[in-house]
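So the sequence shown is numbered by full-length UniProt numbering: it starts at 1 and just counts up by one. Yeah, the Cβ is synthetic: ideal placement off N, Cα and C, and Gly gets one too. Just so you know, these numbers come straight off a predicted model, no measurement behind them. Here is the structure we will look at, set down as structure tokens.
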Amino acid sequence: MAREAAAPGRTAGKASAPSGHHHAGARGGGGDLWSEIMASGGGGGAARIGVVYGRRRAAQEASRPRGAVDVRGVAAGEKRASFEPSKRTSWNRSLSIRGRESILFAPGTKIQPQQNPCRAQKRPPKPGNRVKRTFGGPPDLKKEKAYFEEVDAFELMEESPSPKNFGTWARGMEQNYIVHDLSAILERWKISKLAKFAASRPLFDIMETPVVPSVRSDCSLHDSHRTPEKDRGSRTNPMRRTIPSGLSDKTSIFTSFSELKIKEEPDDSSIPSLSAEAMTAFAQLLLVCNQSAPITLAEAFSTYCLYSSFNEDVHGNSTPGSIVKLGEGTFGEAFRAGSTVCKVVPFDGTSLVNGETQKKTEEVLEEVLLCLTLNNLRADRGDNVKENSCHGFIETKDFWVCQGPYDPSLICAWEDWDAKCCSENDHPNDFSNEQCYIVFVQADGGRDLEKFALIDYNEACSLLVQVTAALAVAESACEFEHRDLHWGNILLDRDETQDKNHTMGFTLQGKNMCTRTFGLNVSIIDFTLSRINTGDAILFLDLSTDPALFEGPKRDKQAETYRKMKQITNDYWEGSFPKTNVVWLIYLVDIVLQKRYSTFTSKDDRELRAFKKRLAKYDSAKDCLTDSFFCDLLLSDEDAQPSTA
Ligand SMILES: Nc1ncnc2c1ncn2[C@@H]1O[C@H](COP(=O)(O)OP(=O)(O)OP(=O)(O)O)[C@@H](O)[C@H]1O
């Protein structure tokens, strides 16, 4: 995670109705396009149905001081617990108490206005976004069919010892992206969540639970959940068949958060019919990864790296060639492997990594769901025309569940990077044989903004319009808020082959548009803090359990932006507040201004300052896109030159 030099920060503007639509007819009737989009009332928000399940990390985690040594690893005989102080001291990298959360929608329940009754007065108005997609109702047989096909495929795979195409050092093949059946994955995940909840309560209790309105009636939400337990029992039995049919009758009972007072470890035997159908998070993760068991990091990387006989370890064993570390974050190490980037994130262990508690399997699974949902915004997979699509989010090509110590080739790449860039992370050489990792295989998005020098004002404009358009599309499609869009999480790639009129296509609420790229391709990464509404569930991170995130230095742009978000959300992180995207856009303009590119004229500076001032008025990235700043940068589809998407 990057840090920003101190400079006067702005206070987030009070939420107000969007005003000043200065986009007075961006080329070729852009005005009409915009008036249609704006008149449609904001488009997207995903179906908001009755809340049936939520979880929250244990509050006691919050009391552990930052950087304090977690001795649980020692008690558990975990190799990696260290009593040395963590290298990580940055306020903004200490995320030890974070936990991804989810709210699941009950099938068949009605869309509810999103409100936290205790704070409803203070919160900005919810945009009237709605998506066409609805959930619940009669059973979706297509989904079930897809599900069982996938289960059958998995069972077949289990019989075969060689899932996927790994395992030979010499293979060195480029792997195409894997097509995931997102709806089947979500369905499975939902069933498991519900079963876990159901298993935590005696059967009679559930059956007698009256159906209550799904809007929470008090603030008990905040103390009604517990940290989900690890799902490692699944290791020996990674696959349990789930039978979705008939579940909806039972699940419709669970419609209130206030009913979710889960106090003990779920007892799987209490409701056999549900728990037997549910898969553990670990088994689900394996299934998403198309694996029957974890593999080693070396095996995963060998899928993407060309074999090189020059890459041998001290024992003469061949190792994957061309692995270079590209960057690091609090949770992950990013390596280039062939033409892909593999982000390696340890999970589920009890030892601290980089001074932080490791993510739990469920959190990893939910981050995977988030990546897949964003992948779904991409338009180039032969799908039908999409209501909202863009290419602004990094493409996740695949995932792997790995286990064992760090591979020597990765340690080598890590040490090379450390020698040059001075890593803030712990040396990865003492992970145990049991350590699990999730490997996110992504497209190579280029260099992050922290390290990238924009050549001129046009490139700065291209950066701003592409990020704004991507956020606007994702807002509309799935109420997406990135919530951590610092300069380490925006990647830029200069494509010398693009001419100056090159454009990048996107679709916002059914309208095809293009952004001018000026030869720059922008990708947004790192969805760890992001909030998304998949239609089945809201996935978010409860940042109220991480007060230190908001205690960064005064006037530090990034620290101020977290504080602005807190102000906007009023610490109600499950809520939809697209204004959080706006404050990151303001941060981005600040970064561009602060970098003081030598080629910027004073007029360019003035333009940017005026734009930044206007941004404070907007309530969402979609609103920001109407600003006059983007007039010459946004084209309607008909006016565009041949574009990338
Ligand atoms: N797909 C990619 N292409 C190129 N570089 C990448 C890619 N993904 C990550 N990186 C590099 O690795 C760095 C860390 O990645 P990322 O931000 O995803 O990790 P993280 O642990 O989630 O970080 P954070 O501390 O912000 O939560 C990035 O800043 C970037 O330099």
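Secondary structure at Pro-553: coil, using DSSP grouped into helix, strand and coil.
Given a length threshold of 3 residues, each whole run of the beta strand (DSSP E) inside the region 382-469 is given here in chain order: 396-403 and 436-443. Within its own chain, the residues whose Cβ lies closer than 7 Å to the Cβ of Cys-289, once the five positions on either side in sequence are excluded, are Phe-399, Trp-400 and Val-401, listed in chain order.
Pairwise C-beta distances place the region 476-489 in contact with the region 448-461, as three or more of them are shorter than 8 Å.
CA-CA distance, Arg-531 to Val-368, rounds to 13 Å.
Every beta strand (DSSP E) of 3 residues or more that sits fully in the region 521-599 is shown, in chain order, as 537-541. For Phe-399, the CB stays at least 7 Å from every heavy atom of ligand 1. A distance of 8 Å or more separates the beta carbons of Leu-585 and Leu-633. Gly-349 is positioned such that its CB atom lies closer than 8 Å to that of Cys-436. Per DSSP, the continuous alpha helix (DSSP H) segment holding Asn-375 begins and ends at 361-375. Val-522 and Ile-490 have their C-alpha atoms some 7 Å from each other.
DSSP, read as helix, strand or coil, puts Phe-331 in coil.
In this structure, Thr-330 has its CB closer than 7 Å to one or more heavy atoms of ligand 1. Relative to ligand 1, Gln-442 has its C-beta within less than 7 Å of a heavy atom. Nearest to Thr-361 by alpha-carbon distance, out of Met-279, Val-324, Leu-326 and Gly-329, is Met-279.
When distances are taken from the beta-carbon of Asp-448 to the heavy atoms of ligand 1, the shortest one is below 7 Å. Spatial neighbours of Asp-571 in its own chain (CB-CB distance under 6 Å, excluding positions within 5 residues in sequence) are listed in chain order as Ser-544.
When the alpha-carbon of Phe-577 is set against those of Gly-552, Asp-556, Ile-538 and Asp-590, the nearest one is in Ile-538. Taken atom to atom, the span from the alpha-carbon of Leu-454 to that of Ala-460 is near 7 Å.
Bridge pairing for Arg-336: Val-324 and Val-341 [DSSP].
Sorting Thr-515, Asn-429, Asp-623 and Phe-431 by C-alpha distance to the C-alpha of Ala-472 places Asp-623 at the top. Taking Thr-561 as the centre and dropping the five residues before and after it, the same chain places the C-beta of Val-583, Trp-584 and Tyr-587 closer than 7 Å to its C-beta, in chain order.
For Cys-289, the secondary structure class from DSSP, reduced to helix, strand or coil, is coil. Annotated as proximal: Phe-540 and Glu-574, with beta-carbon spacing under 8 Å.
Looking at the backbone, the Cα of Val-353 and that of Phe-331 are separated by about 8 Å.
The DSSP-derived three-state label of Asp-632 is coil. Looking at the backbone, the Cα of Lys-359 and that of Glu-387 are separated by about 34 Å. Checking the 7 Å criterion, the Cβ of Ala-334 is within range of a heavy atom belonging to ligand 1. For ligand 1, no non-hydrogen atom lies closer than 7 Å to the CB of Val-344. Rounded to whole angstroms, the gap between the alpha carbons of Leu-410 and Ser-423 is 14 Å. The residues Asn-458, Glu-459 and Ser-462, in chain order, have a CB closer than 6 Å to that of Phe-518 in the same chain once the five nearest residues on each side in sequence are set aside.
Residue pairing by DSSP places Thr-515 opposite Met-504 and Leu-634 in a beta bridge. Sixteen is the threshold: when 16 or more other Cβ atoms of the shown chains lie within 10 Å of the Cβ of Asp-407, as they do, the residue is buried. Under the three-state reduction of DSSP output, Arg-494 falls in the strand class. With fewer than 16 other beta carbons inside 10 angstroms of its own, Pro-547 counts as exposed.
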